[in-house]
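Counting from 3, one number per residue, gives the positions in the sequence shown under this note's numbering. Heads up, the beta-carbon is just placed ideally off N, CA and C, and yes, glycines get one too. Written out below as structure tokens is the structure these notes cover.
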Amino acid sequence: MTSTAHPSPDRLRIGLQKSGRLSDDSLHLLDRCGIKIRKHRDRLFQHSENFPLDVLLVRDDDIPELVMDGICDIGIVGTNVLHEKALKRNQQGIDDGIETLHTLNFGGCRLSIAVPEQLEYVDINCLAGKRVATTYPYLLQQFCAEQNVDMKAIMLNGSVEIAPRLGIADAVCDLVSTGATLQANGLREVETVFTSQAVMVKNQHEWPVEKQATAALLERRLEGVLQANESKYIMLHSSKASLEKVIDLLPGVEHPTIVPLEKNNDAVAIHAVCHETVFWNTMEKLKAAGASSILVLPIEKMML
Ligand code: PRT
Ligand code: ZN
3 MTSTAHPSPD
13 RLRIGLQKSG
23 RLSDDSLHLL
33 DRCGIKIRKH
43 RDRLFQHSEN
53 FPLDVLLVRD
63 DDIPELVMDG
73 ICDIGIVGTN
83 VLHEKALKRN
93 QQGIDDGIET
103 LHTLNFGGCR
113 LSIAVPEQLE
123 YVDINCLAGK
133 RVATTYPYLL
143 QQFCAEQNVD
153 MKAIMLNGSV
163 EIAPRLGIAD
173 AVCDLVSTGA
183 TLQANGLREV
193 ETVFTSQAVM
203 VKNQHEWPVE
213 KQATAALLER
223 RLEGVLQANE
233 SKYIMLHSSK
243 ASLEKVIDLL
253 PGVEHPTIVP
263 LEKNNDAVAI
273 HAVCHETVFW
283 NTMEKLKAAG
293 ASSILVLPIE
303 KMML
């Protein structure tokens, strides 16, 4: 087994959230890239046995700095945390030195300002001079500067939503996904400060060529998985007369395969990879144009 202190030069080290909203999706993504990680509950450091990758399981808030400082080479984190930490470093006059490799399709949420329901809210100027409880003072400060409104950030590390009831703030600036937490606490969302999703990031340190090769391999697999996620394989029948119209309706299709049908000279089968979502409404249009037996299948992996 590779030692933690002296990793071989080809091994990449990734920082992932140990336990929380990004954990399962992050490990699932690596799994889809064919990278097996055995999950041991209490181990903070894990080695993949079939890919030169070591995983450091930490709090999500620590991931940007671990990557910036080179403790990890890459990491998966929400852009909310990433930008907050980058703004903090930039304000200290330090370059964050971090690069986003990929936007991932999970961890979506928004950082919003919410006020007590009874507060009359007309526009952002109603927030001038207000005390706003948040875990994201730098993102809030950036938003205030853009909007030209002064607010006082009250830094809290958790349970931000109860701050107005406790009388320690007039409003909150917190993460929202469904809005249920705000509602349960008598708060109304009034401004979106930042829209966030999970991303894969890397530092800009100089890596040994072996590690660069591992990163390039991971990158290719990741691209294949992400492209496959968005793409669908579609199979359908069409009368020869409506073939052109049907093909024109297929979203993001470049080279469909046309296959003759046995004992039916008037129709053909079409097989194609759609590089865009196939909506119900597209399927209805295909049917109206003369298509039948329409099957839309998920694609597991793709290498173009
Ligand atoms: O222990 P650790 O520090 O690692 O975990 P954590 O508690 O800080 O983070 P966690 O697991 O809650 O969130 C990790 C990341 O998931 C965040 O940094 C975001 O990038 C992303 N994410 C996506 C969210 C949400 N959605 C979300 N809804 N993070 C937090 N929330 C919380 C929010 O703070 C509020 O308490 O969920 C509540 C609101 O949810 P709704 O659905 O009621 O609106
Ligand atoms: Zn956290």
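Taking the alpha carbon of arginine 1 as the point to measure from, which residue in Leu55, Arg13, Val60, Glu232 has its own alpha carbon closest?
-> Because the chain here runs from 3 to 306, residue 1 falls outside it and cannot be looked at.
From the DSSP output, read off the bridge partner residues of alanine 274.
-> Your numbering for residue 274 matches position 272 in the sequence shown. Ile236.
Contact set for threonine 6: own chain, Cβ-Cβ below 7 Å, skip 5 residues either direction | Locating residue 6 in the sequence shown gives position 4, counting from the first residue. Unreliable placement is indicated for threonine 6, whose pLDDT of 48 sits below 50; the coordinate value is still reported in the next sentence. Excluding positions up to five away in sequence, the list reads Phe47.
Bridge partners of methionine 202, per DSSP?
-> The residue labelled residue 202 in the question sits at position 200 within the sequence shown. Answer is Ile78, His104, bridged to methionine 202.
Run through the region 94-140 for me and flag every whole beta strand (DSSP E) of 3 or more residues, listed as ranges in chain order.
-> Counting only unbroken stretches of 3 or more residues, the beta strand (DSSP E) elements lying wholly within the region 94-140 are 100-105, 111-118, 133-136, in sequence order.
Taking the C-alpha atoms as reference points, what is the distance between aspartate 33 and glutamate 122?
-> In the sequence shown, the residue the question calls residue 33 occupies position 31. In the sequence shown, the residue the question calls residue 122 occupies position 120. If you take the alpha carbons of aspartate 33 and glutamate 122, they lie about 49 Å apart.
Aspartate 268 to alanine 243, Cα distance in whole Å?
-> Here residue 268 refers to the residue found at position 266 when the sequence shown is read from its first residue. Here residue 243 refers to the residue found at position 241 when the sequence shown is read from its first residue. Rounded to the nearest angstrom, the gap between the Cα atoms of aspartate 268 and alanine 243 is 8 Å.
Measuring CB to CB, does aspartate 97 end up less than 7 Å from proline 54?
-> As a position in the sequence shown, residue 97 is number 95, starting the count at 1. As a position in the sequence shown, residue 54 is number 52, starting the count at 1. Result no, Cβ atoms of aspartate 97 and proline 54 do not sit closer than 7 Å.
Would you mind working out which of Ile272, Glu256, Val255 sits nearest leucine 263, comparing C-alpha positions?
-> In the sequence shown, residue 263 corresponds to position 261, counting from 1. Closest option to leucine 263, Cα to Cα, is Ile272.
Start and end residues, beta strand (DSSP E) containing alanine 155 | Walking along the sequence shown from the start, residue 155 turns up at place 153. If you look at alanine 155, you'll find it in the beta strand (DSSP E) that goes 154-157.
Pocket of the ligand ZN (residues with CB nearer than 6 Å to any heavy atom), chain order | The set, ordered by position in the chain, is Arg61, Asp62, Asp63.
What residue does the beta strand (DSSP E) around proline 300 start on, and which one ends it?
-> Against the sequence shown, residue 300 aligns to sequence position 298. First-last of the beta strand (DSSP E) with proline 300: 293-300.
Please find out if some non-hydrogen atom of the ligand PRT comes closer than 6 Å to the beta-carbon of asparagine 82.
-> Working through the sequence shown from its first residue, we reach residue 82 at position 80. Yes, Cβ of asparagine 82 sits closer than 6 Å to a heavy atom of the ligand PRT.
Where the beta strand (DSSP E) through valine 15 begins and ends = On the sequence shown, residue 15 is found 13 positions in, with the first residue counted as 1. The sequence shown places arginine at residue 15, not valine. It spans 14-19 - the beta strand (DSSP E) in which arginine 15 sits, taken as one unbroken run.
Residues of its chain near leucine 29, where Cβ-Cβ distance is below 8 Å and the 5 sequence neighbours each way are ignored | What you label residue 29 is simply residue 27 of the sequence shown in a count that begins at 1. Here the set comprises Leu18, Ile39, Lys41.
Is the beta carbon of valine 134 sitting closer than 7 Å to the one on methionine 153?
-> Within the sequence shown, the letter at position 132 stands for residue 134. Within the sequence shown, the letter at position 151 stands for residue 153. Taking 7 Å as the Cβ cut-off, valine 134 and methionine 153 qualify as a contacting pair.
Touching by the beta-carbon criterion (3+ pairs, under 8 Å), the region 193-204 and the region 105-116 | They touch, by the three-pair rule.
Cβ of arginine 23 versus every heavy atom of the ligand PRT: is any distance shorter than 6 Å?
-> By 1-based counting over the sequence shown, the position of residue 23 is 21. Short note on arginine 23: C-beta closer than 6 Å to some heavy atom of the ligand PRT.
7 Å CB neighbourhood of cysteine 35 in its chain, flanking five on each side removed | Taking the first residue of the sequence shown as position 1, residue 35 is located at position 33. Scanning its chain for C-beta atoms nearer than 7 Å, with the 5 sequence neighbours on each side dropped, one finds around cysteine 35 the residues Leu220, Arg223, Leu224, Val227, in chain order.
Per DSSP, which residues does phenylalanine 196 bridge with? Please list them.
-> Within the sequence shown, residue 196 is the residue found at index 194, counting from 1. BP columns for phenylalanine 196 point to Leu113.
Determine, using beta carbons only, whether glycine 80 comes closer than 7 Å to chain C.
-> In the displayed structure, chain C is absent; only one protein chain is listed.
Validate contact between the region 163-177 and the region 208-219 using beta carbons, cut 8 Å, 3 pairs | Contact between the region 163-177 and the region 208-219 is absent: fewer than 3 CB-CB pairs across the two stretches fall below 8 Å.
Residues bridged to proline 66 [DSSP beta-bridge criterion] = The count along the sequence shown starts at 1 and reaches residue 66 at position 64. Note: proline 66 sits in no beta bridge, so no partner.
Residue nearest to proline 300 in terms of C-alpha spacing, selected from Leu288, Trp209, Asn283, Glu278 = The residue labelled residue 300 in the question sits at position 298 within the sequence shown. The shortest C-alpha separation from proline 300 is found at Glu278.
Within this structure, are the beta carbons of valine 248 and alanine 293 separated by less than 7 Å?
-> As a first step, residue 248 must be located in the sequence shown, where it is residue number 246. As a first step, residue 293 must be located in the sequence shown, where it is residue number 291. Yes, they are a contact pair.
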